[in-house]
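Visitor:
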Amino acid sequence: SFNLHGRSLLTLADFTSPEIAHLLGLAADLKAAKASGTEVARLTGKEIALIFEKDSTRTRAGFEVAAFDQGAHVTYLGPTGTHMGRKESVRDTARVLGRLYDGIEFRGHDHHAVETLAEHAGVPVYNGLTQRFHPTQALADLLTMREVAGPDLKGVSVCFLGDVGNNVAVSLAIGAVRMGMDMRLCGPASLWPSTQIVTALEADARAAGGSILLTEDSSAGANGARFIYTDVWVSMGEDKSLWPDRIDRLRPYRVDREMLQRTGRDDVRFLHCLPAFHDAQTEIGAQLCRDHHLDGIEVSDEVFESENSIVFDQAENRMHAIKAVLVATLGG
Ligand code: CP
Ligand code: NVA
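Using the UniProt record's numbering, the first residue of the sequence shown is number 2, and each one after it goes up by one.
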């Protein structure tokens, strides 16, 4: 059995294949226990700080509900209202919060900030999304795929289409190759992850018996894929002025009916970390759809709302995956 007590989660690259598999098994067990009313609190009396320099629905709610289910308390520290990064350094903030809390979650732009927190807090630090990585998302993605394809994900294919160098794509790829999956990153070469990341993914894939394909060809990427995944084309913290250019470059990778048909499978499942621009129900989404004459940006509304879509299972699984991380690293 595994002892992950006291460990931080900054990127899934910090965890071995068996450790990731262990977290996924624990998440599945905790989900089943909650459903059957047999969950046992293992975080009673623990205090967890939740630092959010960016907005969040799922990650914040996931950490809060996971903590409360397990008997822990949380403090939400939002984009304004603390001194961190302005009047007080991240390093000093880490040393203060580390005296008061048993664990600290951080969402922000700069990945270096979450590393600095982990270095100086003296307690486990969890990355709730930085510009580079989103590891708790990737754990939820793997949990969701496991529920569809079975607990052994070896050889199961997943194709991420679009902004393939972003935090969600890279974290998914790290987790997927470590689980021995057939991972495809499909988008324009100008948005591919760095050579350093690709080299690491290739090495991980070799070690775990998985594979990694980078391609600009959506037919090659989607062919035979059990799972099709996409994310927003301009991420938080990126300049809004990037939209027209991103839409031009990523339009061939938009997930619509035809894209699902390229998989050649009726049982293909669609994943998205959310939030998604799939309709005109939000002000930004409505304007993008209008300006670019599209019914949904990165995904059509038809696919998003289809039987193939499992995006809300995935959203729920954020909480179960986060709970597994908290229990494994802080639990008694
Ligand atoms: N997927 C995700 O991280 O969602 P939030 O931004 O709502 O936390
Ligand atoms: N890539 C997106 C994910 C949001 C959950 C972003 O960073 O904004």
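For every residue, glycine included, the Cβ atom is placed at its ideal position computed from N, Cα and C.
Everything numeric in this text was worked out from a predicted model, so none of it was measured.
Give me the DSSP bridge partner(s) of G104.
Guide: Numbered from its first residue, the sequence shown carries residue 104 at position 103. I49, per the DSSP bridge assignment.
Visitor: Take M237 and list the residues in its own chain whose beta-carbon comes closer than 6 Å to its own, dropping the five residues that flank it on each side.
Guide: By 1-based counting over the sequence shown, the position of residue 237 is 236. Here M237 has K55 as same chain residues with Cβ atoms under 6 Å from its own Cβ, once five neighbours each way along the sequence are excluded.
Visitor: Looking at the unbroken alpha helix (DSSP H) that takes in H321, where does it start and where does it end?
Guide: By 1-based counting over the sequence shown, the position of residue 321 is 320. It spans V312 to L331 - the alpha helix (DSSP H) in which H321 sits, taken as one unbroken run.
Visitor: Work out the CA separation of G332 and M260 for me, nearest whole Å.
Guide: Here residue 260 refers to the residue found at position 259 of the sequence shown. Here residue 332 refers to the residue found at position 331 of the sequence shown. Looking at the two C-alpha atoms, the distance is approximately 43 Å.
Visitor: Three or more C-beta pairs closer than 8 Å, one from the stretch 187-205 and one from the stretch 160-174: is that the case here?
Guide: yes
Visitor: May I ask whether a heavy atom of the ligand CP can be found less than 7 Å away from the beta carbon of P80?
Guide: Your numbering for residue 80 matches position 79 in the sequence shown. Flag unset: Cβ of P80 not near the ligand CP.
Visitor: Starting from E148, follow its DSSP beta bridges and name the residues at the other end.
Guide: Position 147 of the sequence shown holds residue 148. Looking at the DSSP assignment, E148 forms no beta bridge with any residue, so it has no partner.
Visitor: Just to confirm before moving on: does the CB-CB distance between L10 and N167 stay below 8 Å?
Guide: Stepping through the sequence shown from its first residue, residue 10 is reached at position 9. Stepping through the sequence shown from its first residue, residue 167 is reached at position 166. No. Outside cutoff.
Visitor: Residues in its own chain within less than 6 Å of I298 by CB, not counting five upstream and five downstream?
Guide: Numbered from its first residue, the sequence shown carries residue 298 at position 297. Closer than 6 Å at the Cβ level, and outside the excluded window around I298, lie F278 and L289.
Visitor: Between F167 and the ligand NVA, is there a pair consisting of the residue's CB and a ligand heavy atom that are separated by less than 7 Å?
Guide: By 1-based counting over the sequence shown, the position of residue 167 is 166. Checking the displayed sequence, the identity of residue 167 turns out to be Asn instead of Phe. Yes; taking the cut-off as 7 Å, the Cβ of N167 has a heavy atom of the ligand NVA nearer than that.
Visitor: Are there three or more Cβ pairs, one per stretch, closer than 8 Å when the stretch 131-140 is compared with the stretch 152-159?
Guide: no
Visitor: Suppose contacts are defined by Cβ-Cβ distances below 8 Å. Is R87 in contact with I52 by that definition?
Guide: Stepping through the sequence shown from its first residue, residue 87 is reached at position 86. Stepping through the sequence shown from its first residue, residue 52 is reached at position 51. With contacts defined as CB atoms closer than 8 Å, R87 and I52 fail to qualify as a contacting pair.
Visitor: Does the contact criterion of 3 or more C-beta pairs under 8 Å hold for the stretch 246-266 versus the stretch 219-235?
Guide: As far as the Cβ criterion goes, the stretch 246-266 touches the stretch 219-235, which means the pair count is three or higher.
Visitor: Beta-carbon within less than 7 Å of S90's beta-carbon, same chain only, minus the 5 sequence neighbours each way: which residues are those?
Guide: On the sequence shown, residue 90 is found 89 positions in, with the first residue counted as 1. Nothing listed; no residue qualifies.
Visitor: Please state whether DSSP places V237 in a helix, a strand or coil.
Guide: Along the sequence shown, one-based indexing puts residue 237 at 236. According to the sequence as given, residue 237 is Met; it is not Val. Three-state result, M237: coil.
Visitor: In angstroms, rounded to a whole number, what distance separates the CA positions of V124 and R100?
Guide: Sequence index remark: in the sequence shown, residue 124 carries index 123 (1-based). Sequence index remark: in the sequence shown, residue 100 carries index 99 (1-based). Approximately 9 Å between the Cα atoms of the pair.
Visitor: So which residues put a beta carbon under 7 Å from any heavy atom of the ligand CP, going in chain order?
Guide: D56, S57, T58, R59, T60, R61, L130, H135, Q138, C274, L275, P276 and R319
Visitor: Rounded to the nearest angstrom, what separates A329 and I248 at their Cα positions?
Guide: Here residue 329 refers to the residue found at position 328 of the sequence shown. Here residue 248 refers to the residue found at position 247 of the sequence shown. Cα-Cα distance, rounded: 41 Å.
Visitor: Please state the DSSP three-state secondary structure of M180.
Guide: Taking the sequence shown and counting its residues from 1, the one referred to as residue 180 is at position 179. Residue state, collapsed to three classes: coil.
Visitor: Which residues in the same chain have their Cβ closer than 8 Å to the Cβ of S31, if we skip the five residues on either side of it in sequence?
Guide: The count along the sequence shown starts at 1 and reaches residue 31 at position 30. For the sequence presented, residue 31 should be read as Leu rather than Ser. Taken in chain order, the residues that qualify are E40, H321, K324, A325 and V328.
Visitor: Leaving aside the five residues before and after K47 along the sequence, list all residues of the same chain whose C-beta is less than 6 Å from its C-beta, in chain order.
Guide: On the sequence shown, position 46 is the one that residue 47 refers to. For K47, where only same-chain residues beyond five positions count, the Cβ hits under 6 Å are A73, D103 and L331.
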